[in-house]
Amino acid sequence: MTIRTLRDYGQHYRPRMACLKNVEVFVVEMQDPKSGVKGADQKLNITIIPHVINGQDILAWIVTKMKVTTEEAQAFGTMLVAYGYIYPLQNHRKLVLVPDSTLYRFQTPYFWPVQKFPAEDIDYAIYLARRNIRKKGMLEPYEQQHYDNLHKWMNPKWDFIVMQATEQYKASKERKKPDRVVLDCQERAYWIVHRPPVSTDPPKWLCVCVSTRTGYCCCQPMRSIASSPELYQLTSSLLLVCRPE
1 MTIRTLRDYG QHYRPRMACL KNVEVFVVEM QDPKSGVKGA DQKLNITIIP
51 HVINGQDILA WIVTKMKVTT EEAQAFGTML VAYGYIYPLQ NHRKLVLVPD
101 STLYRFQTPY FWPVQKFPAE DIDYAIYLAR RNIRKKGMLE PYEQQHYDNL
151 HKWMNPKWDF IVMQATEQYK ASKERKKPDR VVLDCQERAY WIVHRPPVST
201 DPPKWLCVCV STRTGYCCCQ PMRSIASSPE LYQLTSSLLL VCRPE
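Counting from 1, one number per residue, gives the positions in the sequence shown under full-length UniProt numbering.
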């Protein structure tokens, strides 16, 4: 699916819910307290973040569970990150599974692609306005570019957007700091998938789904996966989301 503008992504991207259900079941199994990927509390700056996992453990779990090669497991793990089921805690723009001590968390089901609500521009504008308040105007360059574009396009509604953002910011300050940090990470992970940074043209060897989503060729696993029918099925389900409606 070719995404040409911010509005195209918000208006035309509609995941096929049914095909993602089996992926959802798999991700729930990954989070099982007894048999899933082992997580632990992790100190991030001065805040303790619960249920943190690392890339090496994710990779090992997929290999063991599906009886696949490391390459296949890493390709599928990257797809889970690219589609927002797992997100990196620190380098949030790097939507790939790095098989080392890189820290990740499972995304809350509220932000999974299987949810039926679309990623609307007005919601993104409120999010950026709230983030702009909290960061005192110090947004990341790609966020600032999106913010400026939305400000111009939605100018008649901007007072309402800022009002909503201000109310949400005040409400968030009443939460405990660990909860605020976790929610901020979850929201940022959601929007980095649904409103990715505007990038330059990709190298010629990358397929269309690379430039429109994450910089990773999610079609590549389909050419090589043959050792696990389950992995083939799950990968096929995710690839269906890239196709136009």
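Quick reminder that beta carbons are idealized off the backbone N, C-alpha and C, glycines included.
Is the beta carbon of Leu103 less than 8 Å from the beta carbon of Val81? Position 103 of the sequence shown, counting from 1, holds the residue named residue 103. Position 81 of the sequence shown, counting from 1, holds the residue named residue 81. Not in contact: Leu103 and Val81 (Cβ atoms no closer than 8 Å).
Output the distance between the C-alpha atoms of Tyr142 and Ala125, rounded to the nearest integer angstrom. Your numbering for residue 142 matches position 142 in the sequence shown. Your numbering for residue 125 matches position 125 in the sequence shown. Cα-Cα distance, rounded: 13 Å.
How would you call Asn155, buried or exposed, if buried means at least 16 neighbouring beta carbons within 10 angstroms? Along the sequence shown, one-based indexing puts residue 155 at 155. The residue in question, Asn155, is exposed, as its Cβ has fewer than 16 Cβ neighbours within 10 Å.
Ignoring anything shorter than 3 residues or poking outside the region 49 to 121, list the beta strand (DSSP E) runs there in chain order. 86 to 88 and 103 to 106
With a threshold of 7 Å on Cβ separation, who are the neighbours of Ala40 within its own chain once the five nearest residues in sequence on each side are excluded? By one-based count along the sequence shown, residue 40 stands at place 40. These residues qualify, in order along the chain: Val52.
At the level of alpha carbons, what is the spacing between Met163 and Lys170? On the sequence shown, position 163 is the one that residue 163 refers to. On the sequence shown, position 170 is the one that residue 170 refers to. Their backbone Cα atoms lie some 11 Å apart in a straight line.
With DSSP collapsed to three states, give me the class of Gln42. Along the sequence shown, one-based indexing puts residue 42 at 42. DSSP places Gln42 in strand when its eight states are reduced to three.
Counting beta carbon pairs with one atom in the region 181 to 195 and one in the region 59 to 73, are three or more of them shorter than 8 Å? no
Taking the Cβ atom as the reference point for each residue, do Gly84 and Tyr190 lie within a distance shorter than 8 Å? The count along the sequence shown starts at 1 and reaches residue 84 at position 84. The count along the sequence shown starts at 1 and reaches residue 190 at position 190. Against a cut-off of 8 Å, the Cβ pair of Tyr190 and Gly84 comes out as a contact.
Starting from the C-beta of Gly134, find all residues in its chain whose C-beta is less than 7 Å away, skip the five residues before and the five after it, and write them out in chain order. As a working mapping, residue 134 is identified with position 134 in the sequence shown. The identity of residue 134 in the sequence shown is Arg, whereas the question assumes Gly. These residues qualify, in order along the chain: Tyr169.
Extent of the continuous alpha helix (DSSP H) run through Val181: Sequence index remark: in the sequence shown, residue 181 carries index 181 (1-based). Run containing Val181: Lys177 to His194, per the alpha helix (DSSP H) assignment.
Which partner residues does Thr47 have in the DSSP bridge list? Sequence index remark: in the sequence shown, residue 47 carries index 47 (1-based). DSSP output for Thr47 lists Leu44 as bridge partner(s).
Proximal residues to Asn22 (C-beta, below 8 Å), its chain only, five neighbours per side dropped: Here residue 22 refers to the residue found at position 22 when the sequence shown is read from its first residue. These residues qualify, in order along the chain: Gln233, Leu234 and Ser237.
How long is the line joining the alpha carbons of Leu239 and Pro88, rounded to whole angstroms? Residue mapping note: residue 239 aligns to position 239 of the sequence shown, counting from 1. Residue mapping note: residue 88 aligns to position 88 of the sequence shown, counting from 1. When rounded, the distance between both Cα atoms is 21 Å.
Alpha carbon to alpha carbon, how far is Glu71 from Ala165? Give it in angstroms, no decimals. Here residue 165 refers to the residue found at position 165 of the sequence shown. Here residue 71 refers to the residue found at position 71 of the sequence shown. If I take the Cα positions, the gap works out to 43 Å.
DSSP state of Leu21, grouped into three classes? Numbered from its first residue, the sequence shown carries residue 21 at position 21. What sits at residue 21 in the sequence shown is Lys, not Leu. Three-state result, Lys21: helix.
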